[in-house]
Amino acid sequence: MEFATIEFDLEGGVATLALNRPERLNSFNEQMHQEVREALSVVEQDQAVRALLITGNGRGFCAGQDLSDRSVAPGAEVPDLGSSIETWYNPLIRTLQRLPMPVIAAVNGVAAGAGANIALACDLVIAARSASFTQAFCKIGLVPDSGGTWQLPRLVGMARAKGLSMLGDKLSAEQAAAWGLIWQCVDDDALRSTATDLARHLATQPTRGLALIKQALNQSFDNDLDTQLDVERDLQREAGRTEDYREGVAAFMEKRAPQFKGR
Numbered sequence: 240m241e242f243a244t245i246e247f248d249l250e251g252g253v254a255t256l257a258l259n260r261p262e263r264l265n266s267f268n269e270q271m272h273q274e275v276r277e278a279l280s281v282v283e284q285d286q287a288v289r290a291l292l293i294t295g296n297g298r299g300f301c302a303g304q305d306l307s308d309r310s311v312a313p314g315a316e317v318p319d320l321g322s323s324i325e326t327w328y329n330p331l332i333r334t335l336q337r338l339p340m341p342v343i344a345a346v347n348g349v350a351a352g353a354g355a356n357i358a359l360a361c362d363l364v365i366a367a368r369s370a371s372f373t374q375a376f377c378k379i380g381l382v383p384d385s386g387g388t389w390q391l392p393r394l395v396g397m398a399r400a401k402g403l404s405m406l407g408d409k410l411s412a413e414q415a416a417a418w419g420l421i422w423q424c425v426d427d428d429a430l431r432s433t434a435t436d437l438a439r440h441l442a443t444q445p446t447r448g449l450a451l452i453k454q455a456l457n458q459s460f461d462n463d464l465d466t467q468l469d470v471e472r473d474l475q476r477e478a479g480r481t482e483d484y485r486e487g488v489a490a491f492m493e494k495r496a497p498q499f500k501g502r
């Protein structure tokens, strides 16, 4: 598939999607939204894909929305930002959350606005030491979107969520890791190799089981303990019927490395 605003590759069970508008810090315009949607559709439908890695080319991960698409001339009609969110950003976040595989974000440089929250919608976030996360919405009178108001309080607590959202200060990758906002902070020159190695490792693991772990954890925010215990029961029943579970037990008993197939 040929794309103009992203690079997309499938190899060894890993899909790699690199945002590729470096001259605009990989900010989203409608074309990029459409191409990302097409690539993720391939990921969803190709059973050979067992992990997804998302990153950005150039000196930034993603600066969110390209505001040159949103400028308003004096006296002109104001664009409906809610429509843009409903058409593009919300479906993107929902897709990342429901993908039946691990999704890794490798954050290089700036992750601002929707760009920060798209990263946080991934399952594991690894950031370069020079990277930063900014809830830049308040700087132009807007509300964090792309799941930001849902993710931030759950990841760092309400006090920090309000501070990040209302002040719009840059949060360094090191501080983000210390706060538990992301999984790991690594040296800049190790970012891509660390993230790729992690994606390749996850692509060899019991994919269906990992997808069920993701499903259980995502549901836990909305459930009380009794309800979540029932969720665990039902998902464990489903996991116990997979080929990978049988292979995992057999490999353990035979004292050998398992050969998971993701089924």
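Okay, so the sequence shown: first residue is 240 according to the working numbering, each after it adds one.
Just so you know, even glycine gets a beta-carbon here, dropped at the ideal spot from N, CA and C.
In this text the structure is predicted, and so the values were computed from the model without any measurement.
Nearest to residue i (by Cα), restricted to the options the options
| i | options | result |
| --- | --- | --- |
| R476 | K500, E493 and L451 | L451 |
| D427 | G348, L474 and P341 | G348 |
| G396 | K409, A415 and D384 | A415 |
| Q444 | F267, A360, F372 and P339 | P339 |
| Q554 | R263, D319, T446 and L403 | In the structure as shown, the chain starts at 240 and stops at 502, and residue 554 therefore has no counterpart that could be examined. |
| L403 | D305, P383 and I245 | P383 |
| A243 | L249, K500 and E274 | E274 |
| E486 | S432, R480, P497 and N462 | P497 |
| H272 | Q284, E283 and N259 | N259 |
| A345 | L449, D436 and G387 | D436 |
Start-to-end residues for the alpha helix (DSSP H) that takes in residue i
| i | result |
| --- | --- |
| V491 | The sequence shown places Phe at residue 491, rather than the Val named in the question. E482 to M492 is the span of the alpha helix (DSSP H), which, as asked, contains F491. |
| S236 | Residue 236 lies beyond the stretch modelled for the chain, which goes from 240 to 502, so this question has no answer here. |
| Q467 | L464 to A478 |
Residue i - containing beta strand (DSSP E), residue span
| i | result |
| --- | --- |
| T508 | Missing from the structure shown is residue 508; the chain here goes from 240 to 502 and no further. |
| L456 | Per DSSP, L456 belongs to no beta strand (DSSP E); it is in the alpha helix (DSSP H), T446 to S459. |
| S371 | S371 to T373 |
| Q498 | No beta strand (DSSP E) contains Q498, which DSSP labels as neither H nor E. |
| L256 | V253 to L258 |
Anticipated Cβ contact below 8 angstroms, residue i with residue j, distance rounded
| i | j | result |
| --- | --- | --- |
| L394 | L441 | Not quite, the Cβ-Cβ distance comes to about 21 angstroms (not below 8 angstroms), so this is no contact. |
| I343 | S385 | No, I343 and S385 are not in contact; Cβ-Cβ is about 18 angstroms, not under 8 angstroms. |
| S371 | L410 | 6 angstroms |
| N268 | D319 | Not a contact, Cβ separation roughly 17 angstroms. |
| E471 | R502 | No, E471 and R502 are not in contact; Cβ-Cβ is about 21 angstroms, not under 8 angstroms. |
| A412 | L292 | With 8 angstroms as the limit, A412 and L292 do not qualify as a contact, their Cβ atoms being about 17 angstroms apart. |
| C361 | L335 | 6 angstroms |
Chain B contact for residue i (CB, 9 angstroms cutoff)
| i | result |
| --- | --- |
| D463 | Among the chains of the structure shown, chain B does not appear; only one protein chain is present. |
Three-pair Cβ contact test at 8 angstroms for the stretch 366-377 versus the stretch 320-332: Not touching, per the Cβ criterion.
At least three beta-carbon pairs within less than 8 angstroms, the stretch 241-254 to the stretch 278-288: At 8 angstroms Cβ cutoff, the stretches touch.
contact_flag[the stretch 354-367, the stretch 419-426] where n(CB pairs < 8 angstroms) is 3 or more: Judged by Cβ distances under 8 angstroms, the stretch 354-367 makes contact with the stretch 419-426, as three or more pairs qualify.
In chain order, each beta strand (DSSP E) run of at least 3 residues that lies wholly inside the stretch 276-364: DSSP runs (the beta strand (DSSP E)) wholly in the stretch 276-364: 290-295, 299-301, 342-346 and 349-351.
The stretch 262-269 contacting the stretch 292-306, beta-carbon criterion three pairs below 8 angstroms: With the cut-off at 8 angstroms, the stretch 262-269 and the stretch 292-306 touch.
Unbroken stretches of the alpha helix (DSSP H), 4 residues or longer, contained in the stretch 375-403: Within the stretch 375-403, complete alpha helix (DSSP H) segments of at least 4 residues are found at 387-395, given in chain order.
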